[in-house]
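Working notes, structure below.
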Amino acid sequence: MAERKIIAVVGATGAQGSGLVRAIQSDPGGGFTARALTRDPASAAAKELAALGAEVVAANVDDVESLKRAFSGAYGAYCVTFFWNHFSPEKELAHATAMAQAAKATGIKHVIWSTLEDTRRWVPLDDDRMPTLMGMYKVPHFDAKGEADEVFRKIGVPTTFLKTSFYWDNLIHFGMGPKPGPDGVLAFTMPMGDAKLPGIAAEDIGRCAYGIFKQGTELVGRTVGIAGEHLSGSEMAAALSRALGKPVRYNAVTPEAYRGFGFPGADDLGNMFQFKRDFEADFRGARDPKVARGLNPALQSFDQWLAANAGKIPLE
Ligand SMILES: NC(=O)c1ccc[n+]([C@@H]2O[C@H](COP(=O)([O-])OP(=O)(O)OC[C@H]3O[C@@H](n4cnc5c(N)ncnc54)[C@H](OP(=O)(O)O)[C@@H]3O)[C@@H](O)[C@H]2O)c1
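Everything in the sequence shown is counted per the working numbering, starting at -17 for the first residue and increasing by one.
Given below as structure tokens:
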């Protein structure tokens, strides 16, 4: 059998990376094998990946030398940063730079960089439709990712820029599921008005990334945007009602109200939803479900995702 090409997966125990490891390991004839990067190879999540046949190696995005060791001998690398672990765009930029440097030093043939828009190209800092956050950002968890695109280009790494979408899994893990309103009826809150939100099952991001690696280097230098479906808040509420078997109302608050909710990152997410609402055509245009389905024929709709996951959504 021909030797399988190694894909080094950053964040392999997380939402995006684990989906990619599972996609690679469930296709043993596909010509690839996964090398899962983790800070702790002894963790339960890392052991699950080893049980799938993935090679598990220790690496930390704070340490470029550990990334070079982990990328060494690999054909491809999946690069993602972890904003919600530290809330620092500067750290994201530093981590992206370390991954690009490690990819360059080890001669990686194909990097997929999990990116998002630098919203300051649409909303300059002096545009006061939304507040400037952390001194120099509009949507901190987007802007540094978009800024880092240029780092991969400048360092000269063969990169596909993968624009991801809102994970529907946020309804389970990120406190974004419907909650009872004052009248006891479940309310799904989002400051998007009637605009449609591109969403995706987190598992499908990794499957789409696998589709990109399988196309060879055809997509190097290109930006690929993915989503499972684009749905309005009312459409999401209707789907939730069907799946949960009880009424769910769409609670379309203003971005100002959302920013004021007070949980960590509420201002960042309020700006994010406002950006997606105000620049709906550009944001949706960059994320075509047909493109995602071409890369990943098993792409799930919101209804399919709910059929498997609605029971896991906390409703309190
Ligand atoms: N939620 C959404 O809707 C959404 C949509 C688009 C993009 N995003 C972006 O997705 C990114 C997060 O990706 P994710 O959801 O796949 O992450 P995740 O599920 O939160 O997992 C994070 C993983 O990162 C690893 N990690 C954390 N710090 C590390 C470090 N210093 N060095 C090496 N590995 C480290 C952890 O692995 P170990 O503990 O095993 O080391 C963990 O498995 C964020 O930047 C976010 O902005 C999110």
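By construction, the Cβ of each residue, glycine as well, lies at the ideal position given by its N, Cα and C atoms.
Range covered by the alpha helix (DSSP H) that runs through residue i
i          : result
residue 39 : Segment 37 to 40 is the beta strand (DSSP E) holding residue 39; no alpha helix (DSSP H) there.
residue 31 : 26 to 33
Buried or exposed by the 16-neighbour rule on C-beta atoms within 10 Å, applied to residue i
i           : result
residue 85  : buried
residue 147 : buried
residue 167 : exposed
residue 1   : buried
residue 17  : buried
residue 257 : buried
residue 24  : exposed
residue 98  : buried
residue 164 : exposed
residue 172 : buried
residue 77  : buried
residue 58  : buried
residue 297 : exposed
Cα-Cα separation between residue i and residue j, rounded to whole angstroms
i           : j           : result
residue 153 : residue 289 : 14 angstroms
residue 88  : residue 49  : 10 angstroms
residue 66  : residue 11  : 36 angstroms
residue 239 : residue 37  : 46 angstroms
residue 192 : residue 217 : 30 angstroms
residue 19  : residue -4  : 10 angstroms
residue 263 : residue 212 : 11 angstroms
When the options are compared against residue i, the one with the closest alpha-carbon
i           : options               : result
residue 14  : 117, 106, 195 and 114 : 195
residue 132 : 122, 120 and 143      : 143
residue 101 : 127, 163, 116 and 208 : 127
residue 302 : 8, 121 and 139        : One cannot answer for residue 302 here, as it falls past the ends of the chain, which runs -17 to 298.
residue 81  : 31, 26, 137 and 112   : 137
residue 104 : 294, 181, 254 and 271 : 254
residue 106 : 95, 121, 276 and 92   : 121
residue 115 : 249, 269, 263 and 270 : 249
residue 159 : 19, -5, 295 and -13   : 295
residue 139 : 92, 219, -15 and 245  : 92
Proximal residues to residue i (C-beta, below 6 angstroms), its chain only, five neighbours per side dropped
i           : result
residue -7  : -1 and 62
residue 70  : none
residue 214 : 176 and 178
Neighbourhood of residue i by C-beta distance below 7 angstroms, restricted to the same chain and skipping five residues each side
i           : result
residue 226 : 292
residue 42  : 21 and 48
residue 175 : 234 and 259
residue 189 : 1, 5, 278 and 280
residue 366 : There is simply no residue 366 to check, as the chain begins at -17 and stops at 298 in what is shown.
residue 83  : 46 and 137
8 angstroms CB neighbourhood of residue i in its chain, flanking five on each side removed
i           : result
residue 22  : 28 and 40
residue 285 : 221, 224 and 225
residue 186 : 1, 208, 210, 274, 278, 280, 281 and 282
Min CB distance residue i to chain D below 7 angstroms
i          : result
residue 70 : Absent here is chain D; the protein component of the structure consists of one chain.
Host beta strand (DSSP E) of residue i (start-end)
i           : result
residue 170 : 168 to 171
residue 207 : 205 to 207
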